[in-house]
Structures are given as C-alpha cells and as structure tokens.
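Chains as they are written, first to last, in the numbering used here: chain A, 1 to 801; chain B, 1001 to 1387.
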C-alpha cells in the first residue's frame, strides 16, 4: 500500500518527520518498506526572476543573467535565447542534483562566474503542460504569478512523500487510507478526523431505486451488494489534486468516474465498479457462471468461465467477473449518462481462485481476497456521493442495498492479569485503558477485565491474545523485560543419530573430503540412473524441469558438483554429502515417503601437489582408504566384494561394501561409458546407508592391554596369480598364524620384470607376538614356514627369497 | 653461546694434551724405570721396545689425521685387534726369558691402554667435529611451504547449524527433527493456516500431491514434537532442517535451512522469549549485541515479533550492512497461538509457550559476509574451502 503523506495529513495530524513516522509505524507493526520523496531532484530548485540580461563579453551565444531567487541575487550564465527581463524561471542552485541526475556546481564560463543553472523542461523531466509556450525554445518560462523564491517542487505540488507499507495478511484494513490514519493516530496518540468518511447521511437519505432490482443468488459468496444509481453523468478528466493522489498511490487516472471509484477504494478499502446503467437490461444478478459461459472483459479478451466463477449479470448476459474485472459491454464511455456504482462483498476465496485462473490481479481483487469490511459497503458509497457532487460528475439518485449476511459484531475479553503474565510485563489498568482509547475501541471494564468491542474493520482481532498484541505494540515491545524461563532445569542433548551424523561428518572432513550441500530435487533421468525410478517422487510444480524429482541417490548431485568444479578448473575434487534420499512406496503418493539418510562421496583428479611429495591419484584405493579409516573410527570393519551393478561402475574397479554380511552400499570407479555424460574422467564414487552404519557402530571402546613381551618381525614375499585377491591371501595367513600372528600387512605389490605377466608379487610384513611370553626364533620360523606352505598350497604361491 | 664456548675450549685443551711426543716421552721414561736395566736378550728387547714405540707413534699420528668414526674403528682393529700390529708384537715375546716376559707384557699393555685412551679422546673429538660439520652444512629454506595432511572443510551452513545447536544445547534445549516431505495438515492446518487462508500465499510451496508437499518451514516439527511429548513438560526443543519454497534469486533459494525453536511450559512469558533470544544473539554475534522486538504476523504465534539484532558490523551506528538503521532482522518469533497448543494436545488454559524460527542461510551470510545466497548451493570448492 502506497500512502501519500499529503493525503494522509487530511485524515490525521502528523507531528513528526517522514522518517520518524516511518520508524513509528514500523516499530508499531506496520512495516514501512520504503519512503519515496516525490520532490526528489527539486530540493534545490527555486523560482527566480530575471533582473537583467546582458551579452557575455567573450562569447556571442551566451548571456549573463542576474537572477533574483528570493533570499539572494545570483549571476548565472546561460546559452538559452528565449529569455526576457522579468521572466520567472526555475533555477537550480549550486549543490542541486536534478531529476536527470545532473549535478550543479559553481563554475566559470569564459571568465564569468555562474552560480547555478536555469532549467529547461527536459532537464526537469517535465511535460508541455508546465510553463508558457515560449518554454519550448529553451528555458522553462513560468507564468508571472509564480512566487519568487518558492521551491519549484512545492510550486508543482510535488512536495510529498509516499510511504510504501509492507502489510502482513492479518492487516488488510490498512489497504484503506482511513485505517492507515487510524493506525497512525493510535501509534502517535492523536485522534483522526474522519467524520467526512464515516458519516453516511447523504447516501442514507437516498430513496431505493424503483427500477433496479439486485438479486443475490449465491449468498455464500456474496454477503452484501449495494448499487448506487447516478444520473446526469458528465465524463471529464478528474481534477489535478485527485490525479496527483492517485498517481502517488500507483493508480493511473482515467476519467472522473473511474477515478472517483478508485479514489474511494483507496480511501475506504472497498473496491467499487461503475456500470453503464443503460447497458443493464432487467435485474442485476450475482450468480455463478453457467457451464461454458463466456464474457468479454474490459481488456477486450473473451474469457470462458468455470462454473464456480462468480458473475454480475443482467437478465441477458454477464456484466462483470465479480471482484476481478468488468465486462466490455457495460463499460462506461464518454457518452455514458447513467451509472450503477457497485459496492459489494465477494468471497475472498472465490475471487482469489478466479483472479488466479484468469491471470488478472488488481488492487480490487487483492482487497477482496484479503477480506473487506462488510459494514463499510454503504459508507463508501456515501463518500462516492460526496465526490460526485463535489466534482460535478453526476447526481446520485437512488440506492439499492441487499444484505444477506452480516458478520456478528465481536466482543473480546482482555484480562490485565493474564496479559501481564503472558507478556511478562507488569501492566496497570490505566495503561490498558489508554491503549484501548488510542485504538478507539469501545470497552467496558470490570474487576481487571475489559470487554472490548472490536470495530468491524479489524477482522484480525478475534481472541484475547490478539488484543494482547495490540497492547504490546502500543505500549511498545521495548516495555517487555528480559527474563529466562522459570521451570525445571533441562538437559540439552542430541539423539544418538544426531550425534553419529555429526561425528561422521567430522570423520570424512578429517580425511580430507570437503562437505557439500546439494539440492534434494534433481533430474529424473540422472536419479533413475543412480537411484530408483520406481521410488522417486516427482514434484507437481518444480522450479525447473531439471529439479523435477526428489532424489533417491546422492550421487547425481555430487557428480554435478564435481563436473562444475572441474569445468572451472579445480583439478582436485574430493567431496562428500550426508543427506536424505526420499522413497515413495506408491504413485501417486498416499502417505509420507520414507526419508533415508545416506552418505556419499565423489573424488576426481589428484591431490598432494607439494614440492616434496608425489601426487596422489584419486582412485578406488583413495576412497577405500577413507572409508576404512572412517569406519575404524566407529569400530566398524567394512568388507569389499565385487560389485553387482556393472552398469554404473567399472566392472574391474568396483565393490559392494558389506558390513557384517549385509550390503550397505558401493564403492567404485564410474563406468567409462558414463564419463561423457558427466564430463568427468576417472571419477570414483561411493554411497552408504547411514542407518546401517549407525546400527552397527561400536558404542564404547574396549581397551586391549599392550603386550609386555617383544614381538618378532618377518617379511614374506610371494608371487601369485594376477587375479588372486590380496585379502584372500591375508585371511589365509591370519588363519594359519593364529593368535601369535598379531598383525600382517601388505607393504608392496609388484608386477613386471622378472615376474611373468599373469602373476604379481605380494610382500607382507608379519608381526608375531605373545601376550604371555617371549617368542623364540625357532617357533616363529616354524610358524612362518607353515604360513608359507599354506599359501603355496592354496594359491600356488612361489616364495620370493 | 655458553655451551658453544665451552665446547670450543674443550676441543682445544684436548688437542694440546694429545700432542704425541711429549706423552710418549713420559711413557718411555716410566717404562724404562719399571723395566730396570737387564742385559739379557738385549737386542731383542731393544728391538721390541722400539717397535712398540714406533707403532705407538705411528698410531697416534694416524689417529690425529683420521676424520671419521668408522676409520677410527678400522685403525683400532688394525693395531689392537686380534690380528693387530701391537698384538703381533705380544706374540713375538715368546723368545724372551720368563723374567722379561711379564715386564715386556707390561710395556705392551701400558702402550695399549695409552692408545685406547687416545682413541677414546679422539672419538669424542670426532663426534664434536661431526656435530660441527652437521650443524654448518644442514641448512633448509625455511620459507618453503610446510607439509601437512590436507583436511576437508565443513560446509558453512553446517558450521552455522552446529553453532546454533551448541548454543541451544547449552541452554537445555533438545534437538528435534521432522520429515522434509510433509502433509498439508502439519505444514499448514495444524499451524492455524486453514486452506484458503491468505497467509498461505506468503509461501509458495512445492507440491507432490494436493495433500503432500515439501515443508515450507520447520514449524511442523512444533506440532510433531508436542504430539510426541504430550503430556510431558517442559517442551524445549530446537529443530534444524531443510525447507523448501518456490523461489530462486540472490536472496532466495528453493531449498534452504531453518532452525525452529519451541518452549512450552506452565507460565512461559514473552519476556522469556526475549531472554533466550538475547542470550542466543550474544553468543552467536558477540557479547555486546542487543536485540529489539518488532510486532509482526505469523499465523501460529500471537503476539508475534520480528527480532532485530544490533548490527554486528557497526554496532548500531548505521552502515551498509544494516542499511543505516543499526539493526539487522534475524528471526521471527512469538507466543505460541492457543490453537496451535491445542493442535499439539496441550491445554492453552494451563500452559503457554513461545516459538521462533530463523533462516540459517541468512545468518551464515551475515556471519561470513556472503553476498549471494546461491553461492551456498553452487558448491564451488574455491568458495567452500574458505571455511
């Protein structure tokens, strides 16, 4: 809602600056989003009179003017040729910045000092309606009555500011100037002077029209409909002051009748519509559209209506889409002689649906949607009568007011004690009384209890808490002290899942992976590829098509991030995300889907670029190392088995990840056939189920004692078939080594000369140790050779001495 | 410095005490005295003695020239080892008389211990020299970058959420969560937003079906938590999580994060809300922050308040960040609407509550000076690795 300050002053006294008023309103709950100064650019432009005019001594085309600007007399050099001594002209004084952004400084033109600038219409962004005809040839020349020294903006009637109110849905009443005035009055302790707007004598004394019947056929959607019949209509432009105010409010002036309806809507919050009375044949009906019914609206478009659309119609045809837009046929024209001006209630829900459907939203539909004051319908027509007469635009002759449903007058109780308790501020009776006075609410008082009559325009107040807010905002929220809750002490805590998520995130980050957060909606194809098309949930109204389904896998999002980074030449990408995937069990969804938390990661490129080190390729083993390290932190031991899905993953470089014989995810290099799709080469991915990890996580560490007896170290290198899994050899060794083989690790894998192509060398470091005694060389040698024999037998291993 | 000076002095004194001839002369005198003058096998004795002296002198000279510990050891083996030159002399004593043999043995042993001592001293000396050499040759460029294990970065939004969580954990709040895909009932209706309520327009929702949507706020967790905990008191939770609205520009993202807060108990006051939020703001934005409440509107709170915190950049004087006002809006809050308490199962005659909700992105943007919200979801590693 745009509120002209000049207009507002007519309704209420304002005792503070615009900035202060904006602050008062904002702190009072009516947020002023912006204050526009309509005089911008004219602040230092004043009206001056040319005292003398002489040729510049050193320039043929320049004139030196001496100008009286009221407070002083200044010398200004101009190139304009249309001036005469005695002309009144706008003078931009030194320091002004004109509407066209030109800044005026003191300057010297060929040796003569110029203290400002005489302005043309163009420089002031004015049209030809301002000034004498002569102005077209150069400087704007004003009529002789223009007062010397007066601010030029004030002279033009521009000295106004417009407050742009950002209204919450609970305060549609402030879509009316009278209610903004009431609000300003309440917050500044003034009384608004609104008698002109609230007394309805004029309209109430009108007779009921004998020839106009209004029939409300749908009482649900239309509670009240009043029509004002006007004769002797003379269509003309509305006066300058009305146009100015309409423009300030963002409404385009059309003609006196339309302008009056808009002007009254802005004042009273009640949308109005003027029909050409002579185009209405028979009665006026408020009814739902018939199936397939059509109407040509004011904008000339023929619209086919849905059967739940509310219409204004006569006996023959639709006249208007109720609350949304008038029809072309009944539109007023320059020949219109008689009017019916509609002031009515239409259901907000209905208007919202219709205006959405037709793509027509207006100041009027907006007000109906938020709800209008049914009690103000006739009062608004009273104001229309005043203005019709004042402007000589027509003669109100009759009124028809059909009332089907008036909302009950509301009484709300307010207890001082309860209010004090809820706000936590000690309030006196007198304070609350003052608040109710300031709000201009009627009330009765008994034993610390107020019975408050809520005015019909304050539809937002229905319960005691609503009144508490009124009290709080009028005494000021700053009156509420700062305390802490009094109840029992509580223990702050996370659930085990939350705790695990936090630790898991730390573990991955500590392993060198960067955390990312991606959108949970993604492209349907990509999700189908990595997740499950059967379970993915489509959005009805996605932001973009590529954000169309809820993900069933985190991988596509991560691949997108990796690709984006690689495109931007970030060559080492190692990222992870912990986030939900969403699994619908049926299509369309009947119940809430399962939200399954997952952790996934993607790595591509190299790392470890350092003057001392070799680069580390982000490959299968890089991520495997991270997974094992993270798992170890939670006492988990992951197992890797050849991956089943060989479509997404490289068949030779991928694994399904198992935890205690349950598959919990996968790890592998992306299948080379997908590399082009993603624009990534040699990218490694993993995805694990969070819940599976959480369920098996070690709760607390059980400590082992440190062996007191020295261990014995043996290295063992064997050559085995190329495809023999190292883990198989390792577990065989563990089995054969028994308790005394405390640790065995692979420290080298070698292929190449002199090892045959189909074989590889594995080197193990074995550590023997007993908790009870010092081992002898002999028993270790025995054990070591037994292990060697074992793997020789099982894997055809040859011992490399 | 004192250490080095001492070292220097030590080295010089040792070297002078070792200047061979003087020492050998002393040794020879004492040997002659102890032998006495015995004329038997005279020539042989003289020969042996001169050999011992020659080996001694030669060894001491070589010792002086040696500059490595291992060479020192080699020389020791060459002279004193089983096949060493001095040991060989001992074997030649077989031809001496039984009287002369012990005397000669004594001479060899004296020489031996004299040499061993010299060895030991030279060893120490060489250690010192080696240390000197190491210290003068081992020089690194201390300006080269250090080697470190690279660590990953937490997403700034995670950091902010965890910080918020920690602050509220410290004030005795529990952390609650709810589904991101919600029913119309929990997301709107139970929050006093019936169908066709104009306030629903404040939020453009992503729908899955007519009744199921992506939650537009974390507020449904209020209802779910009350339902779960009823009739227990107090309810004291925060609920962080993802929320969704159909909007995308520099200050809006279709997916973003909120942290909801809810406290329900007997006698909860609006002043308590102010106290908790002041406490939070100071921990989050600095000890000297102040807050102010402004009337606002949320369907699920009454009275409602927008909360501003004094600008963390200018402290309230007015700057670019706070657009000159000195205050920055950080969250919405209010007293839980009686109807919402009822929806959660509690009796608004018995209990009151407050609730608040804040946008994590907004707080992260304020905290880290991020200008465009889209950066938070673009996941450019050059951006993320700053945090």
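We put the beta carbon where it would ideally sit given N, CA and C, even for glycine.
Bear in mind the structure is a predicted one, so any value in this text is a computation, not a measurement.
Would you kindly work out how many angstroms separate the C-alpha atoms of residue 612 (chain A) and residue 1144 (chain B), rounded to a whole number? 10 Å
Tell me whether the beta-carbon of residue 1304 (chain B) lies closer than 9 Å to the beta-carbon of residue 1295 (chain B). In contact: residue 1304 (chain B) and residue 1295 (chain B) (Cβ atoms closer than 9 Å).
Considering only residues of the same chain and omitting the five flanking positions on each side of residue 132 (chain A), which have a CB-CB separation below 6 Å? 141, listed in sequence order.
For residue 704 (chain A), name the three-state secondary structure that DSSP assigns. coil
Segment contact, 8 Å Cβ cut-off, at least three pairs: the region 518-534 of chain A with the region 552-560 of chain A: Because the criterion of three Cβ pairs below 8 Å is met, the region 518-534 of chain A and the region 552-560 of chain A touch.
Could you tell me whether the Cβ atoms of residue 275 (chain A) and residue 312 (chain A) are closer together than 9 Å? yes
Just list the residues that DSSP pairs residue 1258 (chain B) with in beta bridges. B:1241, B:1359
Please report the Cβ distance between residue 697 (chain A) and residue 605 (chain A), rounded to the nearest whole angstrom; I am assuming they are in contact, meaning their Cβ atoms lie under 8 Å. That pair is no contact at about 31 Å.
Counting contacts by CB-CB distance shorter than 9 Å, is residue 425 (chain A) in contact with chain B? yes
Residue 1047 (chain B) - DSSP class collapsed to helix/strand/coil: helix
Starting from the beta carbon of residue 1272 (chain B), find every residue of chain A whose beta carbon is closer than 7 Å, and list them in chain order. 424, 483, 484, 485
Please list the residues of the region 1160-1179 of chain B that have a C-beta atom closer than 8 Å to any C-beta atom in chain A, keeping them in chain order. 1162, 1165, 1168, 1169, 1170, 1171, 1172, 1173, 1174, 1175, 1177, 1179
Opening and closing residue of the alpha helix (DSSP H) in which residue 196 (chain A) lies: 195-198
May I have the straight-line CA-CA distance separating residue 1012 (chain B) from residue 1096 (chain B), to the nearest angstrom? Reliability fails at residue 1012 (chain B), whose pLDDT of 39 lies under 50, so the model's placement of it is uncertain and the value that follows must be treated cautiously. Taking the straight line from one Cα to the other gives about 42 Å.
Using the Cα positions of residue 1039 (chain B) and residue 1088 (chain B), report the straight-line distance between them to the nearest angstrom. Residue placement at residue 1039 (chain B) is poorly supported in this model, since its pLDDT is 46, which falls under 50; the coordinates are not used for a value here.
Give the secondary structure of residue 222 (chain A) by DSSP, where H, G and I count as helix, E and B as strand, and everything else as coil. coil
Among all the DSSP beta bridges, which residues are the ones paired with residue 1327 (chain B)? B:1310
Using a beta-carbon distance cut-off of less than 8 Å, what residues from the region 1283-1294 of chain B approach chain A? 1292, 1293, 1294
Contact between the region 342-352 of chain A and the region 231-251 of chain A (3+ Cβ pairs under 8 Å): no
Considering only residues of the same chain and omitting the five flanking positions on each side of residue 457 (chain A), which have a CB-CB separation below 7 Å? 173, 179, 373, 376
Under 9 Å, Cβ to Cβ, is there at least one residue of chain B near residue 799 (chain A)? No, residue 799 (chain A) lies away from the interface with chain B (no Cβ there is under 9 Å from its Cβ).
Using CA coordinates, which residue listed in B:1127, B:1248, B:1337 is at the minimum distance from residue 542 (chain A)? B:1248
Three-state secondary structure assigned by DSSP to residue 418 (chain A): helix
With 9 Å as the C-beta to C-beta threshold (strictly closer), list the residues of the region 496-512 of chain A near chain B in chain order. 497, 498, 502, 505, 506, 508, 509, 510, 511, 512
CB contact flag (residue 765 (chain A), residue 746 (chain A), <9 Å): Yes, Cβ-Cβ distance for residue 765 (chain A) and residue 746 (chain A) is below 9 Å.
Buried or exposed: which applies to residue 1307 (chain B), given that a residue is buried once 16 or more other Cβ atoms fall within 10 Å of its Cβ? Of the residues assessed, residue 1307 (chain B) falls on the buried side of the cut-off, its CB having 16 or more other CB atoms within 10 angstroms.
Please name the residue or residues paired with residue 511 (chain A) in a DSSP beta bridge. For residue 511 (chain A), which the question treats as bridged, DSSP gives no partner whatsoever.
Let me make sure I understand the geometry here. Which of B:1359, B:1342, B:1256 has the alpha-carbon closest to that of residue 1264 (chain B)? B:1342
Return yes when the Cβ of residue 595 (chain A) is within less than 9 Å of the Cβ of residue 1181 (chain B), no when it is not. In this structure, residue 1181 (chain B) sits near residue 595 (chain A), with a CB-CB distance shorter than 9 Å.
Can you have a look at residue 779 (chain A) and say buried or exposed, based on whether 16 or more other CB atoms are within 10 angstroms of its CB? exposed
Length of the line joining the Cα atoms of residue 181 (chain A) and residue 167 (chain A): 15 Å
Proximity test, Cβ basis, 9 Å: residue 1296 (chain B) and chain A: yes
Which full runs of the alpha helix (DSSP H) of 4+ residues lie inside the region 57-129 of chain A, going along the chain? none
Checking contacts by CB at 9 Å: is residue 478 (chain A) closer than that to chain B? yes
Simplified DSSP assignment, three categories, for residue 697 (chain A): coil
Starting from the Cα of residue 395 (chain A), find the closest Cα among A:567, A:227, A:366, A:339 and give me that residue. Of A:567, A:227, A:366, A:339, the residue nearest in Cα terms is A:339.
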